[in-house]
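Numbering (my numbering), first residue to last: 748 to 1422.
If you want it as structure tokens, here you go:
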């Protein structure tokens, strides 16, 4: 059993527990919600960044593809002549100007003849190659936006356009399309370092046939530095960024980082693999993505440099044979910043509320407990018998005020109960004093009597009065030197308690008075009935048996006013007969008209017994009554025993039968046995 605690302690601990549990629940909910919010927010950021990067790549590469298809149509129409530099200038320079991501245009045929127009800022260069005629010698024309007059020069280059990646890729793609029976499409090279500028780039190329029977290829060089220019400028989060990789895992779009602010640093890092950049995050991110197929990449949580990161990726298709891969990384710390601040606020508010609540609870606990503690003190004082009023209990709580009022009522009730208990004790003593302290001894007879009230005072009574005539012919009551006759009374008033006890005591007093003055029995019975009818409340009555035993003749004069059954054991016959009552109980009607039956002679061994209904109606826990038959059987079984032992056996039998069930009515009996 747990140790008892005071109301004050209970309130303090329970309120503290509620606040702590509530605060913990809020923190747990916040933590769980934060995790889900971080996941959703991260996914949203990465999806948005992937979408934006993909759109930027489309805006970067789609115009190249579109312009290449236009230029190829020019080639089919015979407008691209590798032997006419001026025609190429007029046709292709405007194309380069409206498509800034294209750094140079290359047109070549299977003879090894080529023209390249290259833009470098405001300067322009045109390189003309004829491997079949000039060998390693190349013709160069240079001009600027401010001066379009070309300056011619010659250079020696170990260069053959037919071996360059853009040429071979276009021819291979054309052969694949012809084998598949489909139209040729744009071929994108793997990223590589351009021959002329030594810049990293990628080339889109396509074949065309102007009708001369030769294979011609046109290619557009695209500088990859331009991709890194916009990926390094993308702000995904404080530490996050976007990266673009080739399908063989080389970087062409660098993430935002202070090391890539300078264009030369970007140029030096493009086309390197992530682990070659010396950047741990890039390596850890690509290792995390390596665990799943690039075409089915999903949001992945990984750890880098002691911190948690999220990453996701998406494929970007340049052509059926060439894809890029876009990756996005976001630091979880960037997302937790405001959420951590919110969690700190929740903790601070919870602690503040806890301290304030504890202070408030302390005040409330004192306000609640003090009047209850005062009531406990009063209860302890009452338990020690002090029923004097104590100091008033003051409280603004309705329940405590009601409890204090009930406490005062209890104290006043206890005062009344104690007074009633004292009065009952006095009444019990008075009633017990009416029972004979010693039964008169009538020669030749055994007389025993007993009464057991169900309450402090009972509604049963009995009396045994010794009588003797003196020399003057007067009747002496309870003479000290022997008796000749005995008057007997057993009366049972309806109910039990103080009221019935007073009524039966009244009968006893009237009987003794009648015996003393020698009243005629019939007149006495009639007068007794009239008096009780006048005194008893409506619905109340008294059953009574009155007897007179003559020692000389052994005859028992008996009169029963509703008191029965009367039991007469005939020793000669060995039977126990039931004698009927002679009239109705006293107090019911005014005119009783009593008639006294003839005396009953008692032979040796005969027993005459009278019991109140508390004996016959004694019930066990199942509600079954003891009954008249059990009393008869007990008298027959133990008739040879002395009257006192017979009465003891009867009382024991009743107690055993009821099995501890409390008595519902008073139990009284008189047994007369002739020796």
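C-beta atoms are modelled at their ideal positions from N, C-alpha and C, and glycine is treated no differently.
On a predicted model such as this, the values are computed, not experimentally measured, just so you know.
- Separation of residue 1178 and residue 1254 (C-alpha to C-alpha, rounded to the nearest whole angstrom) is 12 Å.
- Ranked by Cα distance from residue 1050, the first of 1021, 1032 and 1061 is 1032.
- Secondary structure of residue 1059 (DSSP, three-state): strand.
- Fewer than three Cβ pairs drawn from the region 1272-1279 and the region 1232-1239 lie within less than 8 Å of each other, which leaves the two stretches out of contact.
- Under the DSSP assignment, residue 1317 falls in the beta strand (DSSP E) whose first and last residues are 1313-1317.
- The way I'd put it, the region 1007-1021 doesn't touch the region 1103-1121; fewer than three beta-carbon pairs between them come closer than 8 Å.
- In the three-state reduction of the DSSP assignment, residue 1140 falls in the coil class, being assigned neither a helical nor a strand state.
- By the Cβ-count criterion, residue 789 is buried, with 16 or more other Cβ atoms from all chains shown falling within 10 Å of its own Cβ.
- According to the DSSP secondary-structure assignment, residue 1232 is paired through a beta bridge with 1214 and 1297.
- Just measuring C-alpha positions, the residue of 1122, 1129 and 1288 sitting nearest residue 1142 is 1122.
- In the structure shown, the three-state DSSP call for residue 1050 is strand.
- Within the DSSP bridge table, the entry for residue 1348 names 1302 as partners.
- Residue 760 counts as exposed, since fewer than 16 other C-beta atoms from the protein chains shown sit within 10 angstroms of its C-beta.
- According to DSSP, residue pairing for residue 852 in a beta bridge involves 864 and 967.
- Assigned with DSSP and collapsed to three states, residue 947 falls in strand.
- Under the three-state reduction of DSSP, residue 1163 is assigned to helix.
- For residue 943 and residue 918, the gap between their C-alpha atoms comes out near 21 Å.
- Nearest neighbour of residue 1156 by Cα position, chosen from 1266, 1176, 1200 and 1129, turns out to be 1129.
- If you draw a straight line from the Cα of residue 1407 to the Cα of residue 1401, it is about 10 Å long.
- Closest option to residue 1316, judged by alpha-carbon separation, among 807, 956, 1385 and 1116: 1385.
- Burial state of residue 1072 is buried, judged by a 10 Å Cβ sphere holding 16 or more other Cβ atoms.
- Note that the C-beta distance between residue 888 and residue 865 is not below 8 Å.
- With a cut-off of 8 Å on Cβ pairs, the region 1058-1073 is in contact with the region 981-997, counting three or more such pairs.
- Between residue 1289 and residue 1250, the beta carbon gap of about 6 Å places them in contact (Cβ cut-off 8 Å).
- The shortest CA-to-CA distance from residue 1326 to any of 1362, 1266 and 1375 is the one to 1375.
- Look at residue 1372 here: in three-state DSSP terms it is strand.
- Each of 1144, 986, 1011 and 1318 was checked against the Cα of residue 1004, and the nearest Cα belongs to 986.
- Taken through DSSP and simplified to helix, strand or coil, residue 1008 comes out as coil.
- By the criterion of a C-beta distance shorter than 8 Å, residue 1242 is surrounded in its chain by 1206 and 1287, once the five residues flanking it on both sides are discounted.
- Pairing residue 1029 with residue 971, the inter-Cα distance amounts to about 19 Å.
- In this structure, residue 1258 sits away from residue 1231, with a CB-CB distance that is not shorter than 8 Å.
- The three-state secondary structure of residue 1382, taken from DSSP, is helix.
- Here residue 1194 carries a strand assignment [DSSP, helix/strand/coil].
- One Cα belongs to residue 973, the other to residue 821, and the distance between them is close to 27 Å.
- When secondary structure is reduced to three states using DSSP, residue 1119 falls in the helix class.
- Here DSSP, grouped into helix, strand and coil, assigns residue 878 to coil.
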